[in-house]
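Asker:
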Amino acid sequence: MKIEQFKEVNLIGHQVVEDLKKVLETNPTPLVCIAGGDTTIPIMEAIVEASQTGELDTSAMKFISLDEWGSLGRSVKGSCAQTLYDHLYTPLNTPEENIFFFNGENDLKEEAQKGNDFIKHNEGIDYILLGVGMNGHIGFNEPGIKQEEDTIIVDLDDVTKKVMKKYFNEDYPLEQGITLSLNQILKANQIVVMMTGEHKQEVFKKTVDLVEDPMFPVSMLKKQSEKLSLYVDDKAYAK
21 MKIEQFKEVN
31 LIGHQVVEDL
41 KKVLETNPTP
51 LVCIAGGDTT
61 IPIMEAIVEA
71 SQTGELDTSA
81 MKFISLDEWG
91 SLGRSVKGSC
101 AQTLYDHLYT
111 PLNTPEENIF
121 FFNGENDLKE
131 EAQKGNDFIK
141 HNEGIDYILL
151 GVGMNGHIGF
161 NEPGIKQEED
171 TIIVDLDDVT
181 KKVMKKYFNE
191 DYPLEQGITL
201 SLNQILKANQ
211 IVVMMTGEHK
221 QEVFKKTVDL
231 VEDPMFPVSM
241 LKKQSEKLSL
251 YVDDKAYAK
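The opening position of the sequence shown corresponds to residue 21 in this note's numbering, with each subsequent residue numbered one higher.
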């Protein structure tokens, strides 16, 4: 596992752009997964800026959803789809056929199968950028999650349901989520976990110190430690 420390969040954005440039050297039509949420918005902005200045060619990139809240879709402010479309896909002018995003308003089992098919059609995920929750969750792979083969539908952990309120103007009674499984994430060619802010210091410590523990899901990514990088800003880095 590689750990890289950055003084500022925007420098992580520059690093992700460099990562994607290298990915394009080996695959001109890569499948990329960028997590939604506040943590990764500066990274999306860096990708968009690099694309608009001609530094990064995103025209043939494909994008796969990491997760979505059950019962919510793109029309709901705070949904994962709304965040990704507003901050990444739309500014990049990404064709709809190059995007698969779980629609939480549809039948979740059908959405799961569509996501699985999209990944298989594109021969796997080339690059995945993840945030991590205070309980160690990645996507909606919650504490105690099993390592399933394909996309899963999960009951949300109490910590996740408490934190989710910051994303929405209304009080949605959300109980489930749909997410790429740990196994799908582990199969990605390059896995990056991003941690920023003082509130993530303990999360960073546990991620580094723990042996693979399903009760702290991000630690399970150590199964593929040679492909795993932690990008951490000064505030989150804890010695």
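Backbone N, C-alpha and C define an ideal beta-carbon position, used for all residues, glycine too.
(1) Am I right that I198 and A256 are in contact with their C-beta atoms under 8 angstroms? What's the rounded C-beta distance?
(2) Verify whether the separation of the beta carbon atoms of I226 and F236 is less than 9 angstroms.
(3) Identify, in the order they occur along the chain, each residue of the same chain with its Cβ nearer than 7 angstroms to the Cβ of P234, setting aside the five sequence neighbours on each side.
(4) Could you give the uninterrupted runs of the alpha helix (DSSP H) lying entirely in the region 180 to 241, keeping only those of 4 residues or more?
(5) I'd like to know if the region 118 to 135 and the region 164 to 178 are in contact, where contact means that at least 3 CB-CB pairs between them fall below 8 angstroms.
(6) With a Cβ-Cβ cutoff of 9 angstroms, do I119 and F83 count as a contact?
(7) With a threshold of 16 other CB atoms inside 10 Å of the CB of G217, please say whether the residue is buried or exposed.
(8) Who are the Cβ neighbours of D253 in its own chain at under 6 angstroms, not counting the five residues just before and after it?
(9) Nearest to I67 by alpha carbon, out of F122, V213, Y109 and H219?
(10) Would you mind working out which of Y105, S95, L31 and N155 sits nearest I54, comparing C-alpha positions?
(11) Please report the residue range of the beta strand (DSSP E) in which I54 lies.
Answerer: To lay it out plainly:
(1) 28 angstroms between Cβ atoms; not a contact.
(2) The sequence shown places Lys at residue 226, not Ile. Their beta carbons are under 9 angstroms apart, which means K226 touches F236 by this criterion.
(3) G164, I165 and M240
(4) 202 to 206 and 221 to 229
(5) yes
(6) yes
(7) exposed
(8) F26, V29 and T216
(9) Y109
(10) Y105
(11) L51 to I54
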